[in-house]
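Structure record follows, encoded as structure tokens.
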Ligand SMILES: Nc1ncnc2c1ncn2[C@@H]1O[C@H](COP(=O)(O)OP(=O)(O)OP(=O)(O)O)[C@@H](O)[C@H]1O
Ligand SMILES: [Mg+2]
């Protein structure tokens, strides 16, 4: 994403932000409440249109006008307030809006079988796939959301606060999923307020402050204090700062 701007009325939510992401990489997006993280990724996922700026995939400029366009490019999103339909079971959630059909009827058996495959791939076992997801744990719910993204061959997965509502054990389970997706060469934008999580899973960390990019750093070359200083004071550390993506 190059030189992205987005304002809501007089609020400059995102101002001249450039970030990039490689296959199998996790980029942590951090910053205070209202820093512009969700707005930025909603531009990538087609929920918002940028006022200006460009998006490139594999070096080619793309137009993402709506969530359908984003999915077409393999961009899948798991939102802050996990968008699962509580009254539906896991297969119905995985295929929500993209149901498998047999003629004019839902192909429930195929959706169940495919759901089982994708959850197996994530090493998630649900006692019954036919129970509503309301009965699942937070970690299992995240797995269903990730399964949905995986089934549709996500190349870029955006996770907005995936562990915010979870207990420690469930958060670890989501962490395992992140590592597995990395192994499958999925690129992940991980938005999190939990600096420990970000340090555990991210390869690089991009810091936003009041809509602007403070900078991007390589995790192995900075300390958590360095990143906190970026978040709070907007100041860059001496080492580990990555140059912004090259403009085309
Ligand atoms: N739909 C909207 N309409 C108007 N203003 C918005 C809208 N969405 C976000 N904003 C504003 O844009 C700014 C950035 O918000 P955003 O949700 O991107 O922040 P964030 O970094 O995701 O914060 P948080 O950590 O609290 O989730 C804030 O000032 C917010 O009030
Ligand atoms: Mg947000």
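In this note's numbering, the protein residues as written are -7 to 240.
Backbone N, C-alpha and C define an ideal beta-carbon position, used for all residues, glycine too.
Here the structure is a predicted model, which means the values were calculated and not measured.
Answer yes if the segment 35 to 52 comes into contact with the segment 115 to 134, meaning at least three C-beta pairs across the two stretches below 8 angstroms, and no otherwise. Judged by Cβ distances under 8 angstroms, the segment 115 to 134 makes no contact with the segment 35 to 52, as fewer than three pairs qualify.
Coil, strand or helix - residue 5 by DSSP: In the structure shown, residue 5 sits in a strand (DSSP, three-state: E or B).
Could you say which of -3, 19 and 168 lies nearest to residue 195 if we only look at CA atoms? Nearest to residue 195 by C-alpha distance, out of -3, 19 and 168, is 19.
Pairing CB atoms from the segment 12 to 29 with CB atoms from the segment 166 to 178, are three or more of them under 8 angstroms? Touching, yes, given that three or more Cβ pairs across the two stretches are closer than 8 angstroms.
Using the rule of at least 16 other Cβ atoms within 10 Å of the residue's Cβ for burial, across every protein chain shown, is residue 77 buried or exposed? With fewer than 16 neighbouring CB atoms inside 10 Å of its own CB, residue 77 falls in the exposed class.
Apply the 10 Å Cβ neighbour rule to residue 25 and answer buried if 16 or more other Cβ atoms are within range, or exposed otherwise. Residue 25 is exposed by the Cβ-count criterion.
In or out: residue 60 buried (at least 16 other Cβ within 10 Å) or exposed? Exposed, because fewer than 16 other Cβ atoms sit within 10 Å of the Cβ of residue 60.
With respect to 8 angstroms, is the separation between the Cβ of residue 144 and the closest non-hydrogen atom of ligand 4 below this value? Of the ligands one can find in the structure shown, namely ligand 1 and ligand 2, none is ligand 4.
Roughly how many angstroms lie between the CA atoms of residue 93 and residue 144, to the nearest whole one? Whole-angstrom Cα-Cα distance: 16 angstroms.
For residue 19, does the three-state DSSP call read helix, strand or coil? Of the three classes helix, strand and coil, the one that applies to residue 19 here is strand, per DSSP.
For residue 31, is the beta carbon positioned less than 8 angstroms from some heavy atom of ligand 1? At least one heavy atom of ligand 1 is nearer than 8 angstroms to the Cβ of residue 31, so yes.
Roughly how many whole angstroms lie between the Cα atoms of residue 237 and residue 208? Cα-Cα distance, rounded: 10 angstroms.
Just reading off the alpha helix (DSSP H) that residue 201 is part of, what are its end residues? No alpha helix (DSSP H) contains residue 201, which is instead part of the beta strand (DSSP E) from 196 to 201.
Whole-angstrom distance between residue 129 and residue 232, CA atom to CA atom: About 38 angstroms.
Residue -1, buried or exposed, once every other Cβ within 10 Å from all chains shown has been counted against 16: Residue -1 is exposed by the Cβ-count criterion.
Could you tell me the alpha carbon to alpha carbon distance between residue 6 and residue 108, rounded to whole angstroms? Whole-angstrom Cα-Cα distance: 39 angstroms.
Closest Cα partner of residue 87 within the set 141, 54 and 65: Among 141, 54 and 65, the Cα nearest to that of residue 87 is on 141.
What number of angstroms, rounded off, separates the C-alpha of residue 137 from the C-alpha of residue 80? Residue 137 and residue 80 have their C-alpha atoms roughly 13 angstroms apart.
Name the DSSP bridge partner or partners of residue 97? Paired residue(s): 94.
What does the alpha-carbon distance come out to for the pair residue 156 and residue 190? About 12 angstroms.
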